[in-house]
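Enquirer:
There are 2 protein chains.
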Amino acid sequence: MVDISQCSEIKCPIQFVVDLLDNKWSILVLRELFGGDRRTHQLLAALPGISTKTLTQRLRELEAQGIVDRQVYAEIPPRVEYSLTPKGRQIQPVMAALHQVGSQWLEQESCMCPLIRDY
Amino acid sequence: MVDISQCSEIKCPIQFVVDLLDNKWSILVLRELFGGDRRTHQLLAALPGISTKTLTQRLRELEAQGIVDRQVYAEIPPRVEYSLTPKGRQIQPVMAALHQVGSQWLEQESCMCPLIRDY
DNA sequence: CCGGATCCAAGAGGATACTG
DNA sequence: CAGTATCCTCTTGGATCCGG
Numbered sequence: 036m037v038d039i040s041q042c043s044e045i046k047c048p049i050q051f052v053v054d055l056l057d058n059k060w061s062i063l064v065l066r067e068l069f070g071g072d073r074r075t076h077q078l079l080a081a082l083p084g085i086s087t088k089t090l091t092q093r094l095r096e097l098e099a100q101g102i103v104d105r106q107v108y109a110e111i112p113p114r115v116e117y118s119l120t121p122k123g124r125q126i127q128p129v130m131a132a133l134h135q136v137g138s139q140w141l142e143q144e145s146c147m148c149p150l151i152r153d154y
Numbered sequence: 036m037v038d039i040s041q042c043s044e045i046k047c048p049i050q051f052v053v054d055l056l057d058n059k060w061s062i063l064v065l066r067e068l069f070g071g072d073r074r075t076h077q078l079l080a081a082l083p084g085i086s087t088k089t090l091t092q093r094l095r096e097l098e099a100q101g102i103v104d105r106q107v108y109a110e111i112p113p114r115v116e117y118s119l120t121p122k123g124r125q126i127q128p129v130m131a132a133l134h135q136v137g138s139q140w141l142e143q144e145s146c147m148c149p150l151i152r153d154y
């Protein structure tokens with residue numbers, strides 16, 4: 036239950052989502068996870084330029100928001116898999132809309148991002 | 036399985052849009068413009084915390100992308116109005132999706148943002 | 001009223017080395 | 001392999017002043 040009694044005004048839903056996701060990598064991390072469960076090194080490989088520190092930060096934030104799930108397997112060497120929670124999958128319409136608009140603006144049909152599976 | 040080995044030169048549409056809009060205010064500026072044409076001081080008032088410099092930067096970037104139109108009236112005092120171009124209006128599905136998901140996550144129906152007019 | 005120019009603080013995030 | 005800890009750079013963007 037959301038307690039908005041502390042708010043002097045009603046929150047804008049758009050701003051709410053933007054506040055959660057407006058940093059350099061969050062959307063792209065989620066895009067990868069729409070392609071299925073991913074291990075840490077897979078995400079690092081799929082997101083050229085991201086550092087381990089930043090990736091971990093983003094994943095922890097998304098986990099704290101209940102958007103991403105972190106599964107740790109007690110193995111040597113360690114194995115950690117990340118996946119979308121049901122809440123996380125709720126942003127699928129946003130990803131689809133971004134994909135559609137981006138395709139228009141690029142005037143390009145093909146796409147290498149994992150979300151293409153959903154089309 | 037998506038084969039990404041042969042299409043590294045193909046841009047991801049999602050990343051393309053994210054690259055255009057992932058800064059602190061762009062999405063919110065556009066949200067305001069979906070409510071209709073806006074003058075500078077209206078945008079400043081609608082976006083608490085934004086500075087004139089930052090607002091101008093965002094608007095110039097969006098203008099350069101062909102997303103926003105800037106109309107200057109030769110009056111004293113000056114009047115400048117910003118509006119969405121047809122290309123800019125193409126992101127309406129993104130805004131609608133953000134709004135829908137944000138409403139779910141907030142567990143809140145009402146909304147004070149201009150986009151509500153489109154529902 | 002609009003917005004350019006400057007200055008500056010804060011923080012995001014990359015590179016690297018290291019631990020379990 | 002996964003993640004942490006430093007260090008450090010660079011960008012973002014806020015505050016202010018000024019000019020058209």
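Protein sequences, first through last, are from chains W and F. So the number in the working numbering is just where the residue sits in the first sequence, counting from 1, plus 35. So the number in the working numbering is just where the residue sits in the second sequence, counting from 1, plus 35. From the three backbone atoms N, C-alpha and C, an ideal C-beta is built for every residue, glycine too.
Distance cutoff 9 Å, beta carbons only. Does Gln135 (chain W) sit that close to anything in chain F?
Expert: Closer than 9 Å to some Cβ of chain F, the Cβ of Gln135 (chain W) qualifies, so yes.
Enquirer: Check whether the region 56-71 of chain F touches the region 96-106 of chain F, taking contact to mean three or more Cβ pairs, one atom from each stretch, closer than 8 Å.
Expert: Touching, per the Cβ criterion.
Enquirer: Anything in the region 106-125 of chain W with a Cβ closer than 9 Å to a Cβ of chain F? List those residues in chain order, please.
Expert: Listed by position along the chain: Lys122 and Gln125.
Enquirer: First and last residue of the alpha helix (DSSP H) that includes Gln139 (chain F)?
Expert: Unbroken alpha helix (DSSP H) run through Gln139 (chain F): Gln127 to Leu141.
Enquirer: Where does the unbroken beta strand (DSSP E) through Leu68 (chain W) begin, and where does it stop?
Expert: Looking at the DSSP string, Leu68 (chain W) is not in any beta strand (DSSP E); the run it does join, the alpha helix (DSSP H), is Ser61 to Leu68.
Enquirer: Taking just the CA atoms, how far does Lys46 (chain W) sit from Ser86 (chain W)?
Expert: Using only the alpha carbons, I get a separation of about 33 Å.
Enquirer: In chain F, which residues lie less than 7 Å from Arg66 (chain W) when you measure between Cβ atoms?
Expert: Those within 7 Å of Arg66 (chain W) in chain F are Ile49.
Enquirer: Mind listing the chain W neighbours of Pro128 (chain F)? Cutoff is C-beta to C-beta under 7 Å, in chain order.
Expert: Within chain W, the residues near Pro128 (chain F) are Ala132, Gln135 and Val136.
Enquirer: Hey, Val129 (chain F) and Ala132 (chain W) are a contact pair by Cβ (cut 8 Å); roughly how many whole angstroms apart?
Expert: At roughly 4 Å, the Cβ-Cβ gap stays under 8 Å, so Val129 (chain F) and Ala132 (chain W) are in contact.
Enquirer: Roughly how far, in whole angstroms, is the beta-carbon of Gln125 (chain W) from the beta-carbon of Val136 (chain F), given that I think they are within contact range, below 8 Å?
Expert: Right, the Cβ-Cβ distance comes to about 6 Å (below 8 Å), so this counts as a contact.
Enquirer: Going along the region 57-81 of chain W in order, which residues come within less than 8 Å of chain F, judged by CB to CB distance?
Expert: Under the 8 Å Cβ criterion, the region 57-81 of chain W contributes Asp57, Asn58, Lys59, Ile62, Leu63, Arg66 and Gly70.
Enquirer: Should Ile111 (chain F) be labelled buried (16 or more other beta-carbon atoms within 10 Å of its own) or exposed?
Expert: By the 10 Å Cβ count, Ile111 (chain F) comes out exposed.
Enquirer: Compare the Cα-Cα distances from Asp72 (chain F) to each of F:Gly123, F:Ile49 and F:Leu141 and report the closest residue.
Expert: Ranking the options by Cα distance to Asp72 (chain F), first place goes to F:Gly123.
Enquirer: Would Leu141 (chain W) count as contacting chain F if we go by Cβ distances under 9 Å?
Expert: It does: the Cβ of Leu141 (chain W) has a partner Cβ on chain F nearer than 9 Å.
Enquirer: May I ask which residues mark the beginning and end of the beta strand (DSSP E) holding Glu96 (chain W)?
Expert: Unbroken run through Glu96 (chain W) is the alpha helix (DSSP H), Thr87 to Ala99; no beta strand (DSSP E).
Enquirer: Answer with yes or no whether the minimum CB distance from Val52 (chain W) to chain F is below 9 Å.
Expert: Yes, Val52 (chain W) counts as interfacial toward chain F.
Enquirer: Less than 9 Å between CB atoms is the rule here; does Lys46 (chain F) satisfy it with respect to chain W?
Expert: Yes - at least one Cβ of chain W is within 9 Å of the one on Lys46 (chain F).
Enquirer: Confirm, please, whether the CB-CB distance from Leu82 (chain F) to Glu67 (chain F) is below 9 Å.
Expert: Cβ atoms of Glu67 (chain F) and Leu82 (chain F): closer than 9 Å.
Enquirer: Name the one or two DSSP bridge partners that Asp57 (chain F) has.
Expert: In DSSP, Asp57 (chain F) forms no bridge with anything.
Enquirer: Report yes if the C-beta distance between Leu79 (chain F) and Leu119 (chain F) is below 9 Å; otherwise report no.
Expert: Cβ atoms of Leu79 (chain F) and Leu119 (chain F): not closer than 9 Å.
Enquirer: On the DSSP bridge assignment, give the partners of Leu119 (chain W) in chain order.
Expert: Beta-bridge pairing links Leu119 (chain W) to W:Val103.
Enquirer: Is it buried or exposed for Pro48 (chain F), if we count other Cβ within 10 angstroms and need 16 for buried?
Expert: Buried is the call here.
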